[in-house]
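Encoded as structure tokens, the structure appears first; notes follow it.
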Amino acid sequence: MSGPVSWAGLALSLLLVAAAAGISWWQRLGLERQIITAAARALAQLLLVGLALTLIVAPGRSIWWSWLWVALMLAYASDVARRRAPDVPHLLPLALASFTAAATVTLGVLFGLGVFPLNGRTLVPIAGMMVGNSMTATVLAGRRLTEELRDKRDEAEARLALGQSSRQAATPYVRAALRAALTPQIESTKATGLVFLPGAMTGLILAGTAPVQAVLVQAVVMFLVLAATATTTVVIALGLIRRLFTADHRLRHLPAPADR
Amino acid sequence: MMRGGRRVLDGLDARIPAAGITVIAGPSGAGKTTLLRLCNRLDIPDAGVIRYRGQRLDDLDPLVLRRRAGMVFQRPVPFPGSVAANLAEALPGITTGAMTAALDRVALDPGLLGQEARTLSGGELQRMCLARTLVTGPETLLLDEPTSALDAQPKLIFEQTAKDLAAGGITIIWVTHDDAQADRVAHRVYQLRDGRLPEAVADPGGPG
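Residue numbers (my numbering), protein chains in the order written: chain A, 223 to 482; chain B, 229 to 436.
Laid out in structure tokens, this is it:
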């Protein structure tokens, strides 16, 4: 490792973890164990990923290894989304479909139009940003839509009883869910640069890239995230409608979380 | 028909005439609401066949059926927005003239069109829900205890409105647990007990 942070530097930064754990102990939060395990786990995962990435993006390595990596990320993220939103029925295949759609749109624009050159060094981290943010948006949109239809069942059925199709009857709730999932992304996009310096840019500047160059990369990443979250959430919402309603336009029974 | 692990309607076998006001009476939990939901196809039976004017419900497009046999729920549910927006939700592109006519049929002042639906009184709101169903052009109305949340006066106005609609040729199936109401509005009363409709017809001779 030849970056600005040495192994010794990394070891010293563990003091920061100790500080967090210390506060937890002092305030009797009982989170010390969790903080330490989380930090250790993150470190181990990052080291493993770094090692794997070194192998994958090594010069002369086939780009297919990078694509395989991206596919595994999509599958893993779908599973995480499913576990984080257990009330949402059949989320796994839907999440997979929505991430694939988002990947097609975003990677298509960025690599298809040559914004970035296509190689392992660009593909893997860009797909990572895309999937990570899409996963959060997927969980938000899926949860919100399921809750809306559960809490406003009377209203939705009143719409159905007027002869509206399930797609029509669900429109107001789909809109609410999409707004809820996209608003945080829009808010943080607005605040970028003023309130906080985003991760990609911080990393590039720390690693010695010229700030203007870092800004260009960051801007592209931000737009990528916007497009990715919009695409995933709309696919999730429209796909979920087909699961929450039957083909003959009845709203399925949605168990309250306490029922499970 | 199972509901929450409980058998709600069982071996129900009945023909409901397609004319006038038919009241289905019975205690709470007898399955009255479930019966109407089956007729509107918001639920489907676990076993058995439901026919509407001779056709099996499975053979009918549910979206068309729900407009032919419109349902009014026990608790009136206004959609967000004005009364006009509520009517337009039922029939997109509806003209002001048609909206005024619909409010007229349910004894509501057409001046209410611009008002927020949720600010209406209980009685007005339930009649607005009735108007909302009427603009879809139903030949049958399924009323699920439509006046159970209303005071005496709005209840009587609703009953008169329904009787006028029936006189105008709309078939009404009216679920209630209020025997006095059944006597006031029904051309015939069916008693639903333990998920069955025993010896159905009890004809009080009609309400005139």
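C-beta: ideal position from N, C-alpha, C; glycine also.
Should R346 of chain B be flagged as near chain A, meaning a C-beta pair shorter than 8 Å?
no
Expressed to the nearest angstrom, what Euclidean distance is found between the alpha-carbon atoms of S349 of chain B and R303 of chain B?
13 Å
Quick check on F418 of chain A: buried or exposed, where buried means 16 or more other Cβ atoms within 10 Å of its Cβ?
exposed
With DSSP collapsed to three states, give me the class of Q283 of chain B.
Strand.
According to DSSP, simplified to helix, strand and coil, what is V277 of chain B?
coil
Kindly list, in the order they appear in chain B, the residues whose Cβ is closer than 8 Å to that of A383 of chain A.
N268, L270, R294, G298, M299, F301 and T361
Can you name the residues of chain A whose CB is closer than 7 Å to the CB of V305 of chain B?
D376, E377 and A380
Label S228 of chain A either buried or exposed according to how many other C-beta atoms from any shown protein chain fall within 10 Å of its C-beta, with 16 as the threshold for buried.
exposed
Rounding to the nearest angstrom, what Cα-Cα distance links V456 of chain A and I322 of chain B in this structure?
30 Å
If we count the other Cβ atoms within 10 Å of its Cβ and call it buried at 16 or more, is R263 of chain A buried or exposed?
Classification for R263 of chain A: exposed.
Rounded to a whole number of angstroms, what is the C-alpha to C-alpha distance between G216 of chain A and G334 of chain A?
Because chain A spans 223 through 482 in this model, residue 216 of chain A falls outside it and cannot be assessed.
Taking H405 of chain B as the reference, give the member of B:G396, B:L237 and B:A377 with the closest Cα.
B:A377
Does S228 of chain A come out as helix, strand or coil in the three-state DSSP assignment?
It is coil, neither helix nor strand.
Is G397 of chain B near the ligand PLP - that is, is its Cβ less than 7 Å away from at least one heavy atom of it?
Judged by which ligands are present, the structure shown has none, so any question about the ligand PLP falls away.
Answer yes or no: do Q354 of chain B and A253 of chain B have a C-beta to C-beta separation smaller than 8 Å?
no
With which residues is G298 of chain B paired in a DSSP beta bridge?
B:L369
So if DSSP puts Q419 of chain B in a beta bridge, which residue, or which two residues, is it bridged to?
B:A253
Note down, in chain order, every chain A residue with its Cβ under 8 Å from the Cβ of T364 of chain B.
L384 and G385
Give me the subset of the segment 449-475 of chain A whose CB atoms are less than 7 Å from a CB atom of chain B, sorted by chain position.
D470, H471 and R472
Rounded to the nearest angstrom, what separates A312 of chain B and D332 of chain B at their Cα positions?
Inter-residue distance for A312 of chain B and D332 of chain B is about 13 Å (C-alpha atoms, whole angstroms).
State yes or no: is the beta carbon of P290 of chain B nearer than 8 Å to at least one beta carbon in chain A?
yes
Whole angstroms is fine: what's the gap from W289 of chain A's alpha carbon to V346 of chain A's?
8 Å
In whole angstroms, what separates the C-alpha of D337 of chain B from that of T262 of chain B?
33 Å
So, is the C-beta of E221 of chain B closer than 8 Å to a C-beta in chain A?
Summary: the structure shown does not reach residue 221 of chain B, with chain B confined to residues 229 through 436, and so no result is reported for it.
Measuring CB to CB, does L370 of chain B end up less than 8 Å from I401 of chain B?
yes
Note the first and the last residue of the continuous beta strand (DSSP E) segment covering T399 of chain B.
T399 to T404
Quick check: the Cα distance between V384 of chain A and A349 of chain A, rounded to an integer number of angstroms?
The residue asked about is misnamed: residue 384 of chain A is Leu in this sequence, not Val. So the alpha carbons of these two residues sit roughly 44 Å apart.
Just how far apart, CA to CA, sit R365 of chain A and G282 of chain A?
44 Å
Sort A:R372, A:S387 and A:V396 by Cα distance to I458 of chain A and report the nearest one.
Closest by alpha carbon: A:V396.
Our contact map puts N268 of chain B next to A242 of chain B with C-beta atoms below 8 Å; I'd like the distance itself, whole angstroms only.
Actually they are not in contact, since the Cβ atoms of N268 of chain B and A242 of chain B sit about 17 Å apart, beyond 8 Å.
How big is the Cα-Cα spacing for H415 of chain B and R421 of chain B?
20 Å
Identify which residue in B:G365, B:G342, B:L266 and B:A335 has its Cα closest to the Cα of K383 of chain B.
B:A335
Report the CB separation of R474 of chain A from L466 of chain A in whole angstroms; it is logged as a contact under 8 Å.
6 Å
Candidates B:D379, B:D372, B:Q409 and B:P290: which alpha carbon is nearest K260 of chain B's?
B:D372
Grouping DSSP H, G and I as helix and E and B as strand, with all else coil, what is F445 of chain A?
In the structure shown, F445 of chain A adopts helical secondary structure according to DSSP, grouped into three states.
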